[in-house]
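In the working numbering, the protein residues as written are 659 to 1166.
Report on one structure; see the data block that follows.
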């Protein structure tokens, strides 16, 4: 075991190299055709600003889906957090079973849920809002029960001993402790959901994705630039406002009581506007027939596919998806380290950090499917394009989390080393790295968990892995085949997530 611990970095490099080889990674191809990516990006700007009026209505649909879906998911996840905690509910076995259902829900990519909803209810923003609500429900329920498990439940137990019901005791004693952190998590999820909602139109679930898909297919790159520019502005505004709200929840910013009530009223009005203007579901006889077909297929998967060991079988596709995720996450996590150092105000100062954060926000704004399409222009369809896409997505998220860890570290050790005359490299190695390596590893493992689901989304544009046959079979109404591929994805996500959680707990 000690031998493995000492050589763990080398082992990770070997595993990453093997995964990249399995995905067909080719450095000569990147060097030869990498300029194609630059040429496409150059066509995005200057953007066609005359196209803005056409973009605003689907942009409002995207915002409505994000707000309504996040609110509905957060509202349902709050009581589920208490029920999923064995300590809070008093029923450990029932809580464990409910946590298992939540894990299954989280394993299904939001784009797959949106596609299923569009088959049943028809195209429109309701399907997208429903898919986002399920995604937010699974993610926030998990965050919530983990927060409950780490709280001091002594006051709650005291109320129960005094004759108060367990549920009432939870709401009075435990909920006030976890609510500020829970609301902060809701704001983080809302930021992510704005980006998710922007691509749901690819499967007919409303929002910007519909026209984004159309303009990319027609090679109208200046209009694609207009859509991305507007999306960047919206994401910047949402992240800025949510960051201010998180500081307010943490007590770092203060406003008057009247201003707080005004914020609550504004939030209620925005939610009412979202609910009143979103497209209603269209339940038809055809939709019910499709729903019955989906259920029949899920209950009777095509068992020949899990035992098919060719490149079209579930085992190989699972291996390819895992290889894409491992190599993409590892490359992105390593590349993110120097970028995060440049983007941290503790390391580089506020001005340089601000510039880097704006650049990273632009990278995070770029939808996964658009990134995948750009890399397919360079490498062609397949898992190589998926690997590069996941690496870029990992950089965008890991940098944000890394910078947060660097900005929150204790600077006394760093200042002491600088006072002693140590060089910059020595300060980073002795003062920064010991504090940052734990949060950075945790962030990389979290991104790995997310990338497994993103890999299925990339299948929509042919970027390899399980996602390609899964989405093709769903679009062809081949529900038994889709169920087999979805089963493989669920097993892969749950097993890999369990290993990542175990590694994260060992490092904490």
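In this text, a Cβ means the ideal position worked out from N, Cα and C, and glycines have one as well.
- Rounded to the nearest whole angstrom, the C-alpha separation of residue 796 and residue 756 is 11 Å.
- Our two residues, residue 682 and residue 1042, have alpha carbons roughly 6 Å apart in a direct line.
- Cβ-Cβ distances below 6 Å link residue 835 to 809 in the same chain, with the five nearest sequence neighbours on each side left out; the list follows chain order.
- With the rule of 3 Cβ pairs closer than 8 Å, the segment 697-705 counts as touching the segment 880-897.
- Between residue 852 and residue 1006 a beta carbon distance of about 28 Å is seen, past the 8 Å cut, so the two are scored as non-contacting.
- Here residue 1067 carries a coil assignment [DSSP, helix/strand/coil].
- For residue 1053, the closest of 893, 997, 1094 and 1002 by C-alpha to C-alpha distance is 997.
- Boundaries of the alpha helix (DSSP H) around residue 890: 879-907.
- Close CB contacts of residue 839 within its chain, under the 6 Å cut and outside five residues either way in sequence, are with 805 (chain order).
- Judged by their CB atoms, residue 771 and residue 794 are not nearer to each other than the 9 Å cut-off.
- Distances from the alpha-carbon of residue 743 to those of 709, 803, 898 and 684 put 803 closest.
- Close CB contacts of residue 1021 within its chain, under the 6 Å cut and outside five residues either way in sequence, are with 1054 (chain order).
- In this structure, the alpha-carbon of residue 816 lies about 54 Å from that of residue 714.
- Of 1032, 1072 and 1132, the smallest CA-CA separation from residue 692 is found for 1032.
- Excluding residues up to 5 positions away in sequence, 716 lie with their Cβ nearer than 6 Å to the Cβ of residue 869 in the same chain.
- The beta carbon of residue 960 sits closer than 6 Å to those of 1138, 1139 and 1142, all from its chain and outside the five residues before and after it, given in chain order.
- Residue 777 and residue 1024 have their C-alpha atoms roughly 27 Å apart.
- Runs of the alpha helix (DSSP H) spanning 4 or more residues and lying entirely within the segment 1045-1115 occur at 1070-1077 and 1082-1085, in chain order.
- Runs of the alpha helix (DSSP H) lying entirely within the segment 817-848, each at least 4 residues long, are 824-827 in chain order.
- By the Cβ neighbour-count rule, residue 1135 is exposed, with fewer than 16 other Cβ atoms within 10 Å of its own.
- Residue environment: residue 764 is assigned as buried (16 or more neighbouring CB atoms within 10 Å of its CB, all protein chains considered).
- Annotated three-state conformation of residue 712 is helix, per DSSP.
- By the Cβ criterion, the segment 1100-1114 is not in contact with the segment 744-753, since fewer than three pairs of Cβ atoms, one from each stretch, lie closer than 8 Å.
- The C-beta distance from residue 867 to residue 856 rounds to 6 Å, short enough to meet the 8 Å contact threshold.
- Judged by beta-carbon spacing, residue 898 lies beyond the 9 Å limit of residue 905, meaning their Cβ atoms are not closer than that value.
- Residue state for residue 983 is assigned as helix, using DSSP reduced to three classes.
- Collapsing the DSSP output to three states places residue 736 in a helix.
- Taking residue 1084 as the centre and dropping the five residues before and after it, the same chain places the C-beta of 1075 closer than 8 Å to its C-beta, in chain order.
- It is roughly 37 Å from the alpha-carbon of residue 722 to the alpha-carbon of residue 1094.
- For residue 783 against residue 1002, the beta-carbon gap comes to about 38 Å, at or over 8 Å, which does not count as contact.
- Membership of residue 1129 in the alpha helix (DSSP H) is indicated by the continuous run 1125-1133.
- Rounded to the nearest whole angstrom, the CA to CA distance from residue 1131 to residue 1088 is 53 Å.
- Rounded to whole angstroms, residue 1113 and residue 848 show a C-alpha spacing of 21 Å.
- An exposed status is given to residue 1078, since fewer than 16 other beta-carbon atoms sit within 10 Å of its beta-carbon.
- For residue 793, the enclosing alpha helix (DSSP H) starts and ends at 783-807.
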